[in-house]
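**Q** As given, the protein sequences belong to chains A and B, one line each in that order. FYI, in the numbering used here the residues of the first sequence are 93 to 587. FYI, in the numbering used here the residues of the second sequence are -4 to 109. Beta carbons: idealized from backbone N, C-alpha and C, even for Gly.
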Amino acid sequence: MINRRNFLKTLTGTTIALPSILNANENLKKDIKFDEIADVIIVGSGVSAHICAAYLVKNKLDVLMIEKMDRIGGNSVLSQQDFAVLNSDLQIKAGIKDSEELFLNDLNKAGAGYNHLEHSLRIIRNSNEAYEFAKSCGVKYANKLKFLGGHSVARSVETIGGGGACIKALHEFFLANKGRFKNETKSDEIIQDENAKVIGISVRENYRFDRNLANDDRQNLSGVKKNYKARLAVVFATGGFSRDVEFRSIVNPRLRLAKSPSSLGQTAGALKQMLKIGAIATQLALSRFSFGIPTEDLIYGIMLDKNAKRFLNEDGDRQGLSNKILAHMQNLNTTSYPTIILDSTGFANSHDPNRMQSFIIAGKMKKFDTLDELANHFKLNKDELLKSMQIYEDGIKKNKDEFKKDLSKIKNSSMSKAPFYAMTAAPGLSYTPGGVWADTNMRVLHISNYEPIKGLYAIGEATGGVHGQARLTSCSIPDCMTSGIACAKDILKGI
Amino acid sequence: MRKLLMILMFSIFALANEFLIKPHHVDVKLKCSDCHKQANEKDYKALDSNACLSCHGSKEKLAKRLDFLKGKNPHNSIHDNANLNCYTCHNEHKPSFNMCNTCHNTKTWMKEIK
Ligand SMILES: Cc1cc2nc3c(=O)[nH]c(=O)nc-3n(C[C@H](O)[C@H](O)[C@H](O)COP(=O)(O)OP(=O)(O)OC[C@H]3O[C@@H](n4cnc5c(N)ncnc54)[C@H](O)[C@@H]3O)c2cc1C
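#1: If we require 4 or more residues per run, which alpha helix (DSSP H) segments fall completely within the region 209 to 293 of chain A?
#2: Give the C-beta separation of residue 448(A) and residue 515(A) to the nearest angstrom, bearing in mind that I take them to be a contact with Cβ-Cβ under 8 Å.
#3: If you check the beta carbons only, do residue 328(A) and residue 136(A) fall under 8 Å apart?
#4: Among residues of its own chain, excluding the 5 on either side of residue 522(A), which ones have a beta-carbon nearer than 8 Å to its beta-carbon?
#5: Out of curiosity, what's the CA-to-CA distance linking residue 61(B) and residue 104(B)?
#6: Would you identify the three-state DSSP class for residue 114(A), choosing helix, strand or coil?
#7: For residue 170(A), which residues in chain B fall below 8 Å Cβ to Cβ?
#8: Consider the Cβ of residue 454(A): report whether some Cβ of chain B lies at a distance smaller than 8 Å.
#9: Measuring straight from C-alpha to C-alpha, what distance separates residue 79(B) and residue 434(A)?
#10: Check whether the region 297 to 310 of chain A and the region 385 to 398 of chain A touch, using three or more Cβ-Cβ pairs below 8 Å as the test.
#11: Using C-beta distances below 8 Å, list every residue in its chain close to residue 529(A), excluding the 5 sequence neighbours before and after it, in chain order.
#12: Using 7 Å as the cut-off, classify the Cβ of residue 585(A) as near or not near the heavy atoms of ligand 1, replying yes or no.
#13: For residue 251(A), which of 204(A), 169(A), 428(A) has the nearest alpha-carbon?
#14: Pairing CB atoms from the region 270 to 285 of chain A with CB atoms from the region 189 to 197 of chain A, are three or more of them under 8 Å?
#15: Considering Cα atoms alone, identify which of 289(A), 239(A), 312(A), 177(A) is closest to residue 222(A).
#16: For residue 95(B), which of 233(A), 420(A), 454(A) has the nearest alpha-carbon?
#17: Can you pull the DSSP bridge partners for residue 94(B)?
#18: Is it the case that the Cβ atoms of residue 532(A) and residue 217(A) are separated by a distance below 8 Å?
#19: Between the Cα of residue 42(B) and those of 100(B), 88(B), 101(B), spot the shortest distance and give me the residue it belongs to.
#20: Classify residue 194(A) as helix, strand or coil using the three-state DSSP reduction.
#21: Under 7 Å: does the beta carbon of residue 408(A) sit that close to some heavy atom of ligand 1?
#22: Pair every Cβ in the region 149 to 162 of chain A with every Cβ in the region 334 to 349 of chain A, then say whether three or more of these pairs are closer than 8 Å.
#23: Taking Cβ positions, are residue 290(A) and residue 545(A) nearer each other than 8 Å?
#24: Could you pull out every residue in the same chain whose Cβ sits closer than 6 Å to the Cβ of residue 414(A), ignoring the five residues on either side in sequence?
#25: So which residues of chain B does residue 353(A) contact, with C-beta pairs closer than 9 Å?
#26: By how many angstroms is the C-alpha of residue 583(A) removed from the C-alpha of residue 179(A)?
#27: May I ask which residues mark the beginning and end of the alpha helix (DSSP H) holding residue 484(A)?
#28: What does DSSP give as the partner residues of residue 318(A) in its beta bridges?
#29: Is it buried or exposed for residue 101(B), if we count other Cβ within 10 angstroms and need 16 for buried?
#30: Given this structure, state the Cα-to-Cα distance separating residue 22(B) from residue 478(A), to the nearest angstrom.
#31: Can you tell me whether residue 348(A) is helix, strand or coil according to DSSP?
#32: Is any heavy atom in ligand 1 found nearer than 7 Å to the beta carbon of residue 572(A)?
#33: Could you tell me which of 525(A), 301(A), 367(A), 429(A) sits nearest to residue 517(A), measuring between CA atoms?
#34: Identify, in the order they occur along the chain, each residue of the same chain with its Cβ nearer than 8 Å to the Cβ of residue 587(A), setting aside the five sequence neighbours on each side.
#35: Pull out every residue of the region 285 to 304 of chain A whose Cβ sits closer than 8 Å to any Cβ of chain B, in chain order.
#36: Considering only DSSP beta bridges, list what residue 595(A) is partnered with.
Right, dumping it as structure tokens:
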């Protein structure tokens, strides 16, 4: 039980325990007592952690994987895990002509020059090896390819059962090969020896993440402190920071307003641990959004802000639209998301009406017989709503849209035929492209000399600079898997 | 500062009344010591899942009872299988938390959780 004195003590404890950032020397401890030892310690339990771990245990290393959450698998178990692969068995069987150049072209186009070429090539060249390795560990893929947006050919394989099934298979493989796992164990600090080589981590066991804290990393004091030693390497497979509102608002104020479908534990704590010992932070301001509805269907309707006014051309990709929405909300100084409205002609034009129906069943999209109901539900001013709809309709008649929408593409959709369909347009931050900078062997480089920090690796979403401005869809999984294998191979090479 | 102190004091007093027991557990006459095995109240700790399962049976059994929800079975979901701890969603001394609800609208398939 907490009495008053203890309670106040814990509170003051929080303030004095704040780490002094970039003071690496304090981590150079000599006579430290270790409670656990393993060849390799992997922090995180997502797909990058599991692929790396599977590769290492298959090669007979003693691997300890830790996860701060109760839940195994971070964002990886929420993910569909669509997976872009160059020259997979499925591409060959279907006779699809793909090439390094084509794939690279697609990645560069999405990355807009912010993506580092060597990492793009790492993904492309090793994607098939990673896919075959995942299969050999028991991950199952559907017998057909997906042709996804931004890709110039069909090249994405579909994970049967999505991320949940993938992590389940890999976890079973890992344990069956003598891998060791502890959840509710949080890495707090990286431990280095006198030569600045990473030799372990300081953790808290029996840690319980507290979603009610504004910043779990700083404020949560639960758990029992222990030190773990790694004979060969520590691997940070700690994912992104899309749920860390405090941190993402610092790196890009616009991101404060975004929602996030990510796992509750996606915070910047692990990133800060790496930065504290000299890792390089790169591209932290970038973002990748998901959207509640296929964005290609928005062209058939209108989007209205909280004043029931249109403010953009609804024809756009989710990245562009999300940025415009958040910028507009910033301008209006509001936290209310806009509303998407389709009338029944627009709804019927959507490219997958069955899927749209499923949104209604799930309660994500709502159907209204009258505009009164719609205006009430979304707290829109009815007169302004009617006015905006009228202006839009007039534009269609004159073939001239206020926001330069190409009306030849709207397949005669209108804004006057009941029933109406509407939903909130909330950009969801599902992926943070920024992170620490690593070489193609996934060794984390030091900010003072760009040399590898000995004994420290980072893989998967925890790294930055890989995808650039907008990550091409289905390309995180090949990144996570190829980086996991590259890291494992580099560790094995050093033995 | 004064205001902060007031808030602090308030939360300390609030603690004493916080350990209410849920109605369905009151019904079966559960006492604090039925779950918290420490001799002294001061040493009471948050429980792990095994404490719940000592009455409720195995995770597999609990999952089976919600099998009719198919892929949407919170005790055996497509994301987590049966890996979660009970306390990820269920709380005894404060309102429970529906984690599925952080991404999905669960109203159409799930009752409010106790
Ligand atoms: C809904 C959704 C759908 C997606 N769909 C796709 C898709 O179809 N295709 C695609 O390519 N990508 C997709 N993505 C993106 C992709 O799934 C993720 O980028 C990827 O799974 C990240 O894997 P990871 O191993 O790097 O990190 P994660 O899976 O996020 O794992 C990181 C883990 O590290 C843990 N951790 C963090 N800090 C600590 C610490 N200090 N101590 C201990 N543990 C810690 C976290 O709790 C977490 O469990 C999707 C993402 C989402 C959210």
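**A** Once the coordinates are examined:
#1: 209 to 228, 254 to 268
#2: Reading the first sequence from its first residue, position 356 is the one you call residue 448(A). Reading the first sequence from its first residue, position 423 is the one you call residue 515(A). Contact doesn't hold; Cβ gap of about 10 Å is too wide.
#3: The sequence position of residue 328(A) within the first sequence is 236, counting from 1. The sequence position of residue 136(A) within the first sequence is 44, counting from 1. Yes, the Cβ-Cβ distance between residue 328(A) and residue 136(A) is below 8 Å.
#4: Locating residue 522(A) in the first sequence gives position 430, where the first residue counts as 1. Only 167, 334, 352, 353, 354, 380, 381, 382 meet the Cβ criterion.
#5: On the second sequence, position 66 is the one that residue 61(B) refers to. On the second sequence, position 109 is the one that residue 104(B) refers to. Cα to Cα, residue 61(B) sits roughly 11 Å from residue 104(B).
#6: Mapped onto the first sequence, residue 114(A) falls at position 22. Confidence at residue 114(A) is low in this model, with a pLDDT of 42, below 50, so the placement of that residue should be treated as unreliable; the coordinate-derived value is given next. DSSP places residue 114(A) in coil when its eight states are reduced to three.
#7: The residue given as residue 170(A) occupies position 78 in the first sequence. Within chain B, the residues whose beta carbon sits less than 8 Å from that of residue 170(A) are 74, 98, listed in sequence order.
#8: Numbered from its first residue, the first sequence carries residue 454(A) at position 362. The C-beta of residue 454(A) comes closer than 8 Å to at least one C-beta of chain B.
#9: The residue labelled residue 79(B) in the question sits at position 84 within the second sequence. The residue labelled residue 434(A) in the question sits at position 342 within the first sequence. When rounded, the distance between both Cα atoms is 39 Å.
#10: no
#11: Along the first sequence, one-based indexing puts residue 529(A) at 437. Excluding sequence neighbours, residue 529(A) sits near 371, 372, 373, 374, 536, 537, 555, 556, 557.
#12: Numbered from its first residue, the first sequence carries residue 585(A) at position 493. Flag unset: Cβ of residue 585(A) not near ligand 1.
#13: Start at 1 with the first residue of the first sequence, and residue 251(A) comes out as number 159. Closest option to residue 251(A), Cα to Cα, is 169(A).
#14: By the Cβ rule, the region 270 to 285 of chain A does not count as touching the region 189 to 197 of chain A, because fewer than three pairs are nearer than 8 Å.
#15: Looking up residue 222(A) in the first sequence gives position 130. Cα-wise, what sits closest to residue 222(A) is 177(A).
#16: Indexing the second sequence from 1 puts residue 95(B) at position 100. The shortest Cα separation from residue 95(B) among 233(A), 420(A), 454(A) belongs to 454(A).
#17: Here the question's residue 94(B) lines up with position 99 in the second sequence. DSSP lists no partner for residue 94(B).
#18: The count along the first sequence starts at 1 and reaches residue 532(A) at position 440. The count along the first sequence starts at 1 and reaches residue 217(A) at position 125. No, the Cβ-Cβ distance between residue 532(A) and residue 217(A) is not below 8 Å.
#19: To locate residue 42(B), count along the second sequence from 1; it is residue 47. Minimum Cα distance to residue 42(B) is reached at 88(B).
#20: Taking the first residue of the first sequence as position 1, residue 194(A) is located at position 102. In this structure, residue 194(A) counts as helix in the three-state DSSP scheme.
#21: Residue 408(A) sits at position 316 when you count from the first residue of the first sequence. Answer for residue 408(A): no, Cβ out of range of ligand 1.
#22: Fewer than three pairs of CB atoms, one per stretch, sit closer than 8 Å, so the region 149 to 162 of chain A makes no contact with the region 334 to 349 of chain A.
#23: Locating residue 290(A) in the first sequence gives position 198, where the first residue counts as 1. Locating residue 545(A) in the first sequence gives position 453, where the first residue counts as 1. Yes, they are a contact pair.
#24: As a working note, residue 414(A) is residue 322 in the first sequence. So the list reads 381, 519, once near-sequence residues are dropped.
#25: Position 261 of the first sequence, counted from the first residue, corresponds to residue 353(A). Identification of chain B residues near residue 353(A) by a Cβ-Cβ cut-off of 9 Å yields 97, 98, ordered along the chain.
#26: Here residue 179(A) refers to the residue found at position 87 when the first sequence is read from its first residue. Here residue 583(A) refers to the residue found at position 491 when the first sequence is read from its first residue. Taking the straight line from one Cα to the other gives about 27 Å.
#27: Within the first sequence, numbered from 1, the residue matching residue 484(A) stands at position 392. Its alpha helix (DSSP H) spans residues 474 to 490.
#28: Counting from 1 along the first sequence, the entry for residue 318(A) is found at position 226. Residue 318(A) is bridged to 295(A).
#29: Position 106 of the second sequence, counting from 1, holds the residue named residue 101(B). Buried, because 16 or more other Cβ atoms sit within 10 Å of the Cβ of residue 101(B).
#30: Counting from 1 along the second sequence, the entry for residue 22(B) is found at position 27. Counting from 1 along the first sequence, the entry for residue 478(A) is found at position 386. Cα to Cα, residue 22(B) sits roughly 55 Å from residue 478(A).
#31: Sequence index remark: in the first sequence, residue 348(A) carries index 256 (1-based). Helix, per DSSP.
#32: In the first sequence, residue 572(A) corresponds to position 480, counting from 1. True, at least one ligand heavy atom lies under 7 Å from that Cβ.
#33: For the purposes of this step, residue 517(A) is taken as the residue at position 425 of the first sequence. The candidate whose alpha carbon is nearest that of residue 517(A) is 429(A).
#34: Walking along the first sequence from the start, residue 587(A) turns up at place 495. The residues are 324.
#35: 300, 303
#36: Outside the displayed range of chain A (93 to 587) lies residue 595(A), so it cannot be described from this structure.
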